[in-house]
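Chains as they are written, first to last, in the numbering used here: chain C, 1 to 405; chain H, 1 to 132.
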């Protein structure tokens, strides 16, 4: 049985009719839909077990704490982190990247260098711009080659003894490029730079293994991987977390407090100030269990087939340009395209009129848009519940659009 | 319009489609005396308005260029239409409703900024404070 046949009925929202057509949701790259198991787990938590975590000495408090920490174990397993102390909950990828930039930022000095890439989401660019400005550090970017891959020869020239951080996306949210993470991490390590990987687009679609990847930081969002909004994860390698001062302060992250100083809590709580998103953690556990039941290899295979079908089909339509790595090169479940004579926003609006939800615009990657020489693109992204038939309907709709305006 | 699908007909008025395909005022304006350019942060669309304003305040010509969607392009074209021949203060008094009335379209909230961007660029050009 195909994955979409197996999962479709688990997603209540897919029963919706939009503009007179059954909803075809191709915007999981922005935020995925949620299976019933996630919704029910969160509901059950609020109806039965809600309390604040960690310091509530009563039954509900214990239950909430247990559920919250179970989510950490589930996430440790899901990303293949060596220990649970390395799994820090955040509010999402942007929050995680900001936390890392602020935390590492305090250790940077004038003239230190930060390397990002030309294909970054603004979330993995702006925090570094802010830090660079604040600390007098220098920001550099690995260019994108014409085939959508990062130019690693250029990286060799960018890395210096002053390079302190190399931050890059695991999968491009526009091109779908799976970056050469292991090579980049090895090169960065050779100059003793910390590596920060934005895994927002990778986590929902491929098996992750922090031990094998060897990065110092890895961040992701629950809401792109069938989980709720408002929670994400910052994985940090223990040896690095141990020597970093917390970037943000508040409750939970301390052991003892005086007016003028404090003693930090143990990992991972040292990096989790304030009441965490507890119900969201519960939902995240359910999402992880759902994906694990399907099997991430099977998820990747299903989405790879849909992506390939979309790319091949779109490439055959006259006037359509498909961006990113060519067919045959593995990529994430992302296909960006342009239709000659039509603006991406109009493409998205016209597809929406046929019940097809795609994203259009700069995808929070303006430097990449400039590199591609476009204002924006139209982007279809795929998830476990999408079917080959839905992709066919997208192709038919796109083929009819050129004369639509 | 012959090629338009029913979906396109309900989303885009004839005026929008016509001005998207054949804008009357698109292009550079050499000798423009007031110029402004701005982007829509939501989508990255960019519109540049160029005006030739006589010393006594009469706008003799208005043109625009930009990378923009059908709604934004049509709106810019209408704005250029509406300000030509008016005084500086008359142009500054233009409102969104004036543009929407010409476009004859119900613009959804998510696209409203597409329709209003040319007006805000016009205001910047008239202010003379904008980046040229």
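All residues carry an ideal CB built from backbone N, CA and C; glycine is no exception.
Exercise. Show which residues of chain H have a CB atom less than 8 Å away from the CB atom of residue 302 of chain C.
Key: Within 8 Å Cβ-Cβ: nothing; residue 302 of chain C doesn't reach chain H, min ~29 Å.
Quiz item: Measuring CB to CB, does residue 4 of chain C end up less than 9 Å from residue 359 of chain C?
Solution: no
Practice problem: With a threshold of 16 other CB atoms inside 10 Å of the CB of residue 103 of chain C, please say whether the residue is buried or exposed. | Solution: buried
Exercise. Identify, in the order they occur along the chain, each residue of the same chain with its Cβ nearer than 8 Å to the Cβ of residue 24 of chain H, setting aside the five sequence neighbours on each side.
Key: 77, 80, 81
Self-check item: Residues within the stretch 31–57 of chain H neighbouring chain C, beta-carbon criterion of under 8 Å
Solution: 42, 43, 44, 45, 46
Quiz item: Between the stretch 326–334 of chain C and the stretch 305–317 of chain C, are three or more C-beta pairs nearer than 8 Å?
Solution: yes
Exercise. For residue 401 of chain C, collect the residues of the same chain with a Cβ closer than 7 Å to its Cβ; drop the 5 residues on either side in sequence, then sort them by chain order.
Key: 339, 342, 347, 350
Exercise. State the DSSP-derived secondary structure class of residue 258 of chain C, mapped to helix, strand or coil.
Key: coil
Practice problem: Taking only runs that begin and end inside the stretch 240–315 of chain C, name each unbroken beta strand (DSSP E) of 3 or more residues, in chain order. | Solution: 254–257, 262–264
Quiz prompt | Residues from the stretch 116–136 of chain C in contact with chain H, defined by Cβ distance under 7 Å | solution = For the stretch 116–136 of chain C, which is checked against every Cβ of chain H, not one residue is closer than 7 Å.
Practice problem: Out of C:36, C:20, C:21, C:222, point me to the one whose CA is closest to residue 7 of chain C's CA. | Solution: When only C-alpha atoms are compared, the closest one is C:36.
Exercise. Kindly indicate which three-state DSSP category residue 50 of chain H falls into: helix, strand or coil?
Key: Looking at residue 50 of chain H - three-state DSSP - the assignment turns out to be strand.
Quiz prompt | Under the three-state DSSP convention, the category residue 24 of chain C falls into | solution = strand
Quiz item: Among all the DSSP beta bridges, which residues are the ones paired with residue 194 of chain C?
Solution: C:165
Exercise. Taking the CB atoms as reference points, tell me whether residue 184 of chain C and residue 139 of chain C lie closer together than 9 Å.
Key: Not a contact, by the Cβ cut-off of 9 Å.
Quiz item: To the nearest angstrom, how far is it from the Cα of residue 108 of chain C to the Cα of residue 127 of chain C?
Solution: 14 Å
Self-check item: Distance cut-off 8 Å: residue 146 of chain C Cβ against heavy atoms of the ligand ATP
Solution: The ligand ATP is absent from the structure shown, which contains no ligand whatsoever.
Quiz item: Do you know offhand how far residue 187 of chain C's Cα is from residue 59 of chain H's?
Solution: 60 Å
Practice problem: Determine which residues of the stretch 375–393 of chain C have a Cβ less than 7 Å from any Cβ of chain H, and write them out in chain order. | Solution: 375, 376
Quiz item: So, residue 32 of chain C versus residue 176 of chain C, is the Cβ gap smaller than 9 Å?
Solution: no
Quiz prompt | Environment of residue 82 of chain C [buried if 16+ CB atoms lie within 10 Å] | solution = exposed
Practice problem: List the endpoints of the continuous beta strand (DSSP E) containing residue 180 of chain C. | Solution: Residue 180 of chain C -> no beta strand (DSSP E), and no H or E assigned at all.
Quiz item: Do you know whose CA, among C:158, C:144, C:204, lies nearest residue 180 of chain C's CA?
Solution: Measuring from the Cα of residue 180 of chain C, the nearest candidate turns out to be C:144.
Quiz item: For residue 284 of chain C versus residue 75 of chain C, is the C-beta spacing smaller than 9 Å?
Solution: yes
Quiz item: What residues of chain C sit near residue 67 of chain H, judged by a beta carbon separation below 9 Å?
Solution: By Cβ distance, chain C contributes 343, 374, 375, 376.
Quiz item: Per the contact definition of three or more C-beta pairs closer than 8 Å, is the stretch 115–130 of chain C in contact with the stretch 246–258 of chain C?
Solution: no
Quiz item: So residue 65 of chain C is in the alpha helix (DSSP H); what residue range does that whole segment cover?
Solution: 59–79
Quiz item: Is residue 394 of chain C near residue 13 of chain C, with beta carbons less than 9 Å apart?
Solution: no
Quiz item: Listed in chain order, which residues of the stretch 34–59 of chain C have Cβ atoms closer than 7 Å to some Cβ of chain H?
Solution: Residues of the stretch 34–59 of chain C that bring their beta carbon within less than 7 Å of a beta carbon in chain H are absent altogether.
Practice problem: Would you verify that the beta carbon of residue 115 of chain H is, or is not, closer than 9 Å to some beta carbon of chain C? | Solution: no
Quiz item: Going straight from the alpha carbon of residue 9 of chain C to that of residue 245 of chain C, what length do you get?
Solution: 46 Å
Quiz item: How big is the Cα-Cα spacing for residue 80 of chain C and residue 222 of chain C?
Solution: 16 Å
Self-check item: 7 Å Cβ shell around residue 276 of chain C - same chain, five flanking residues per side excluded
Solution: In the same chain as residue 276 of chain C, and ignoring 5 residues on each side of it, the C-beta atoms closer than 7 Å to its own belong to 53, 68, 89, in chain order.
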